[in-house]
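Read through the structure below, which is laid out as structure tokens, and then see the notes.
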Ligand code: ARG
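Numbering (our numbering), first residue to last: 2 to 276.
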């Protein structure tokens, strides 16, 4: 069976190669693929209120947040529907690479390291980083130095791991292991670990920290922040899709100029009060 199948496969392969090697050699841009499919597939990690989070709407579990509002505008501008895939934050770039999603909108910072693997749009939102602690410990953890011997949590694959290791633990880089830094894939699990006393603090974006503290009266915000050195949030696309990238930038430009992003942030914060 194999012997017969092989030459056939070879002929099909030659046929495909011939079909692809016309005068137009370049691969189709992701924009064409999205338009042909009639949908854009968004990858996110919906554990990040007010950016993206789960909420029950009309008895149905829905993913909402200001990133989702931005993505809806993108889909609208492209004339396609929006499909959302919720996954672990540290799996998003691989999903982009494998083609199972078209874009990542997940409060993701366009870091130099990530830029080696994917392309980013312009930045659509700026943030600061802070730390959540148990309310009972708020008087203890008043400075970065006070966390020196504390057990710090950070989301796996996120820039906060670097903050925990370099800025709090004083390590040279984030690849270095530390038994005082706990990395978990989902932020909600880190918050639980904090509430249970398994860790002492979670490094997270200020707006997200405020959201978790509002929902959990036994938690508190530390009174200090770390500047966002990686330059805010941007949308990631697979490398080599310039038309898709500029379509995304066109929508982001429109939303930034009209102040819509700020409105979406306010809207998402208001939604959270219903959680
Ligand atoms: N801004 C951080 C980063 O880019 C964390 C983002 C986490 N996002 C999420 N949806 N959980 O690494």
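Glycine included, C-beta positions come from ideal geometry on N, C-alpha and C.
Helix, strand or coil at residue i according to DSSP, with G and I counted as helix
| i | result |
| --- | --- |
| residue 177 | coil |
| residue 44 | strand |
| residue 213 | helix |
| residue 185 | strand |
| residue 109 | coil |
| residue 264 | helix |
| residue 259 | coil |
| residue 74 | helix |
| residue 154 | strand |
| residue 229 | coil |
| residue 239 | strand |
| residue 290 | Given that the chain is displayed from residue 2 to residue 276, the structure contains no residue 290 and the question cannot be resolved. |
| residue 144 | coil |
Residues of its chain near residue i, where Cβ-Cβ distance is below 7 Å and the 5 sequence neighbours each way are ignored
| i | result |
| --- | --- |
| residue 270 | 51 |
| residue 222 | 131, 133, 210, 211 and 214 |
| residue 66 | 50, 51, 52, 53, 54 and 269 |
| residue 74 | 252 and 256 |
| residue 91 | 157, 158 and 186 |
| residue 23 | In this predicted model, residue 23 has a pLDDT of only 45, less than 50, meaning its place in the structure is not dependable; the value taken from the coordinates is given anyway. Once the five neighbours on either side are set aside, residue 23 has no close Cβ partner at all. |
Buried/exposed call for residue i, threshold 16 Cβ in 10 Å
| i | result |
| --- | --- |
| residue 242 | buried |
| residue 259 | exposed |
| residue 255 | exposed |
| residue 122 | buried |
| residue 108 | buried |
| residue 264 | exposed |
| residue 111 | buried |
| residue 129 | exposed |
Rounded straight-line distance, which links the Cα of residue j to that of residue i
| i | j | result |
| --- | --- | --- |
| residue 161 | residue 79 | 33 Å |
| residue 102 | residue 113 | 22 Å |
| residue 31 | residue 140 | 51 Å |
| residue 72 | residue 233 | 17 Å |
| residue 153 | residue 219 | 17 Å |
| residue 155 | residue 203 | 6 Å |
| residue 179 | residue 166 | 7 Å |
| residue 36 | residue 81 | 7 Å |
| residue 228 | residue 100 | 33 Å |
| residue 83 | residue 184 | 31 Å |
| residue 226 | residue 163 | 14 Å |
| residue 116 | residue 231 | 11 Å |
| residue 206 | residue 126 | 12 Å |
| residue 95 | residue 40 | 20 Å |
| residue 146 | residue 138 | 15 Å |
| residue 244 | residue 76 | 15 Å |
| residue 197 | residue 97 | 35 Å |
| residue 59 | residue 199 | 36 Å |
Contacting residues, own chain, Cβ-Cβ under 8 Å from residue i (five flanking each side not counted)
| i | result |
| --- | --- |
| residue 240 | 118, 119 and 120 |
| residue 195 | 133, 134, 135, 154, 201, 202, 203 and 220 |
| residue 142 | 132, 134, 148, 151, 201, 202 and 223 |
| residue 273 | 50, 51, 54, 212, 215 and 216 |
| residue 170 | 149, 153, 179, 181 and 182 |
| residue 249 | 75, 104, 122, 236 and 238 |
Residue-level contact to chain D via CB, residue i, 8 Å cutoff
| i | result |
| --- | --- |
| residue 132 | Looking for chain D here will not work: only one protein chain is present. |
Close-in-space but distant-in-sequence residues of the same chain around residue i (CB under 6 Å, 5 per side omitted)
| i | result |
| --- | --- |
| residue 104 | 43, 236 and 238 |
| residue 151 | 201 and 202 |
| residue 47 | 53, 54, 55, 64 and 87 |
| residue 182 | 153, 165 and 166 |
| residue 192 | 213 |
For review: beta carbons within less than 5 Å of any heavy atom in the ligand ARG = Going along the chain, the residues that qualify are 46, 49, 90, 107, 108, 109, 110, 159 and 160.
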